[in-house]
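Q:
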Amino acid sequence: MINGSKVLDRALRWGMVGGGGTSQIGYIHRSAALRDGNFTLVAGAFDIDAERGQAFGRALGVAAERCYSDYETLFKAEAARADGIEAVSIATPNNTHFAICRAALSAGLHVVCEKPLCFTSAEAEELQRLCKAQQKIIGVTYGYAGHQLIQQARTMIADGLLGEIRIVNMQFAHGFHHEAVELQNASTRWRVDPRFVGPSYVLGDLATHPLFIAETLLPQLQIKRLLCSRQSFVASRAPLEDNAFVMMEYDNGAVGTLWASAVNCGSMHGQKIRVVGARASLEWWDEQPNQLRYEVQGEPVQILERGMGYLHASALADDRIGGGHPEGLFEAWSNLYRRFALAMDATDRGDHAFLQDFWYPDVHAGLMGVRWVEQCVKSADAGAVWVEC
Ligand code: NAD
1 MINGSKVLDR
11 ALRWGMVGGG
21 GTSQIGYIHR
31 SAALRDGNFT
41 LVAGAFDIDA
51 ERGQAFGRAL
61 GVAAERCYSD
71 YETLFKAEAA
81 RADGIEAVSI
91 ATPNNTHFAI
101 CRAALSAGLH
111 VVCEKPLCFT
121 SAEAEELQRL
131 CKAQQKIIGV
141 TYGYAGHQLI
151 QQARTMIADG
161 LLGEIRIVNM
171 QFAHGFHHEA
181 VELQNASTRW
191 RVDPRFVGPS
201 YVLGDLATHP
211 LFIAETLLPQ
221 LQIKRLLCSR
231 QSFVASRAPL
241 EDNAFVMMEY
251 DNGAVGTLWA
261 SAVNCGSMHG
271 QKIRVVGARA
281 SLEWWDEQPN
291 QLRYEVQGEP
301 VQILERGMGY
311 LHASALADDR
321 IGGGHPEGLF
331 EAWSNLYRRF
341 ALAMDATDRG
351 DHAFLQDFWY
361 PDVHAGLMGV
371 RWVEQCVKSA
381 DAGAVWVEC
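Structure below.
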């Protein structure tokens, strides 16, 4: 159970790039990082508009001289201080992730980066090499994977309760962009512009989330090949897709599907994962994150509830309030940030034994997502053909 007691003997000095006052995702980064006292926010370049970012940083309680105009100045000035930042989170539009990650690692910082990590697998591999060379980590904020019941599902599958895995059915299909809302909404505008998001919209923005959950639940399965068909139902978004279907074949003979959409009218989030084995299935929806469906063929459905004593110890370890009270996305992200802090600390101490079996969305997870999107785009643009992974 997590009760706020410190897992490190001191808080890591932490900064942010992006995540400014008008951003969608900045607040949850701060809430999650600061929740358990493992990080302390001491610096930032919070906004593309320097003045607005500096005013926002001061409003957060960051010292005025440590609210910087841009990330280059942030990294340089903080490196020159004895009490400079040790870690930075990057919560900016996708086209900037690679350059800022590379600069942060080169400055000797641990990094938490938004997804998708970057645009190409060559870039992601470069970041992976840099992590190794610098002995620093990148944590990727696949936030939903921090929900307690994901750990429960992972353990049940590893324990063989489903039998041989046959089908993995994933989706993240919301309806918020069913029409050209980008004409009014700045945060949507860059999401449908290749200059900011590279080769894909919903595949990178949405699909990488359930894909990572599947990788977490089924670490032993590798995708062998895939076929993707993508559409731009709002025509002005072409060549970027606002809807995509992906079929996958795994190396154990299992098959998978993923539906990613921003035009699924009426759906709030529609993110789910269903894993079907030879004797039972598990299903989890992010709109009901406190429940996990366990369906054994021929038996009544069991709804496993978060926080209950019958869960596996690996799931209960991430519990914050016990059963009955709902936990949500803010707790899931806090669980991830707690793991990022532990991974950063263990890396700094060279504790390879600890890191060997320690789960968190790392630079490899970032690379897997980028590589998968790349293959999907290749498949779709060749006319929805099978491509090897
Ligand atoms: P947004 O447009 O709402 O906000 C972007 C923020 O970054 C703004 O504050 C902007 O001023 C700032 N910014 C832009 N360029 C900058 C730069 N060069 N230096 C400093 N600040 C800069 O975008 P958002 O929705 O918050 O998305 C940001 C990132 O978070 C994206 O990569 C997106 O994919 C990701 N995201 C992830 C999740 C998740 O569940 N993990 C959810 C939403 C968004």
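Take the sequence shown: its letters are residues 1 to 389, numbered as in the numbering used here. Heads up, the beta-carbon is just placed ideally off N, CA and C, and yes, glycines get one too.
Nearest by alpha-carbon distance to residue 372: which of 243, 310, 212 is it?
A: Within the sequence shown, numbered from 1, the residue matching residue 372 stands at position 372. For residue 372, the nearest C-alpha among the options comes from 212.
Q: The ligand NAD heavy atoms versus the CB of residue 273: any closer than 6 Å?
A: Within the sequence shown, numbered from 1, the residue matching residue 273 stands at position 273. It does not: the Cβ of residue 273 is nowhere closer than 6 Å to a heavy atom of the ligand NAD.
Q: Does DSSP put residue 257 in a helix, in a strand, or in coil?
A: Indexing the sequence shown from 1 puts residue 257 at position 257. Residue 257 falls in the strand class under three-state DSSP.
Q: Looking at the ligand NAD, does it come within less than 6 Å of residue 351, judged from the CB to the closest heavy atom?
A: Taking the first residue of the sequence shown as position 1, residue 351 is located at position 351. Not under cutoff, so the answer is no.
Q: Have a look at residue 225 and residue 210 and give me their C-alpha separation to the nearest angstrom.
A: Mapped onto the sequence shown, residue 225 falls at position 225. Mapped onto the sequence shown, residue 210 falls at position 210. Answer to the nearest angstrom: the Cα atoms are 18 Å apart.
Q: Using a 10 Å radius around the Cβ and a threshold of 16 neighbouring Cβ atoms, would you call residue 327 buried or exposed?
A: The sequence position of residue 327 within the sequence shown is 327, counting from 1. When all chains shown are included, residue 327 counts as buried.
Q: The ligand ZN heavy atoms versus the CB of residue 54: any closer than 6 Å?
A: Annotation note on the ligand ZN: not contained in the displayed structure, which lists the ligand NAD as its ligands.
Q: Skipping 5 residues on each side, what residues in its chain have a beta carbon closer than 7 Å to that of residue 340?
A: Looking up residue 340 in the sequence shown gives position 340. So the qualifying residues of the chain are 112, 139, 360.
Q: By the DSSP assignment, the beta strand (DSSP E) with residue 101 in it spans what residues?
A: One-based indexing of the sequence shown puts residue 101 at position 101. First-last for residue 101: 97 to 106, but that is the alpha helix (DSSP H), not the beta strand (DSSP E).
Q: Where in the stretch 33 to 108 do unbroken runs of the beta strand (DSSP E), each at least 3 residues long, occur, reported from the N-terminal end onward?
A: List check, beta strand (DSSP E) in window: 39 to 45, 87 to 91.
Q: Which partner residues of residue 285 appear in the DSSP bridge assignment?
A: Walking along the sequence shown from the start, residue 285 turns up at place 285. Bridge partners of residue 285: 272.
Q: Need the endpoints of the beta strand (DSSP E) that residue 229 sits in, please.
A: As a first step, residue 229 is located in the sequence shown; it is residue number 229 there, counting from the start. Residue 229 -> beta strand (DSSP E) spans 223 to 231.
Q: Step through the CB atoms of chain C and report whether any lies within less than 7 Å of the CB of residue 62.
A: Here chain C cannot be found, since the structure has a single protein chain.
Q: What are the boundary residues of the alpha helix (DSSP H) that includes residue 340?
A: The residue given as residue 340 occupies position 340 in the sequence shown. Per DSSP, residue 340 belongs to the alpha helix (DSSP H) from 329 to 349.
Q: Given that a residue counts as buried once 16 or more other Cβ atoms are within 10 Å of its Cβ, and exposed if not, what is residue 243?
A: To locate residue 243, count along the sequence shown from 1; it is residue 243. Classification for residue 243: buried.
Q: Closest by CA to residue 141, which one among 364, 376, 48?
A: As a working note, residue 141 is residue 141 in the sequence shown. Ranking the options by Cα distance to residue 141, first place goes to 364.
Q: If you follow the beta strand (DSSP E) that residue 397 is in, where does it begin and where does it stop?
A: An answer regarding residue 397 cannot be provided, because it is not within the stretch 1 to 389 covered by the chain.
Q: Comparing the CB of residue 202 with every heavy atom of the ligand NAD, is any distance shorter than 6 Å?
A: For the purposes of this step, residue 202 is taken as residue 202 along the sequence shown, with counting starting at 1. Because no heavy atom of the ligand NAD lies under 6 Å away, the Cβ of residue 202 does not count as near it: no.
Q: To the nearest angstrom, how far is the alpha carbon of residue 137 from that of residue 300?
A: Numbered from 1 along the sequence shown, position 137 holds the residue referred to as residue 137. Numbered from 1 along the sequence shown, position 300 holds the residue referred to as residue 300. Cα to Cα, the separation comes out at about 44 Å.
Q: Using C-beta distances below 6 Å, list every residue in its chain close to residue 296, excluding the 5 sequence neighbours before and after it, in chain order.
A: Taking the first residue of the sequence shown as position 1, residue 296 is located at position 296. Excluding positions up to five away in sequence, the list reads 280.
Q: If we ignore side chains and look at the alpha-carbon of each, how far apart do residue 208 and residue 260 end up?
A: Residue numbering aside, residue 208 sits at position 208 when the sequence shown is read from its first letter. Residue numbering aside, residue 260 sits at position 260 when the sequence shown is read from its first letter. One C-alpha to the other measures close to 9 Å.
Q: Do you know how far the Cα of residue 177 is from the Cα of residue 287?
A: As a working note, residue 287 is residue 287 in the sequence shown. As a working note, residue 177 is residue 177 in the sequence shown. In a straight line, the C-alpha of residue 287 is about 18 Å away from that of residue 177.
Q: Just grab the DSSP bridge partners of residue 110 for me.
A: Counting from one through the sequence shown, the residue named residue 110 turns up at place 110. Beta-bridge pairing links residue 110 to 87.
Q: Tell me which same chain residues have a C-beta within less than 6 Å of the C-beta of residue 238, skipping the five on either side of it?
A: Sequence index remark: in the sequence shown, residue 238 carries index 238 (1-based). These residues qualify, in order along the chain: 232.
Q: Mapping DSSP to helix, strand and coil, what is residue 181?
A: Working through the sequence shown from its first residue, we reach residue 181 at position 181. Correct three-state label for residue 181: helix.
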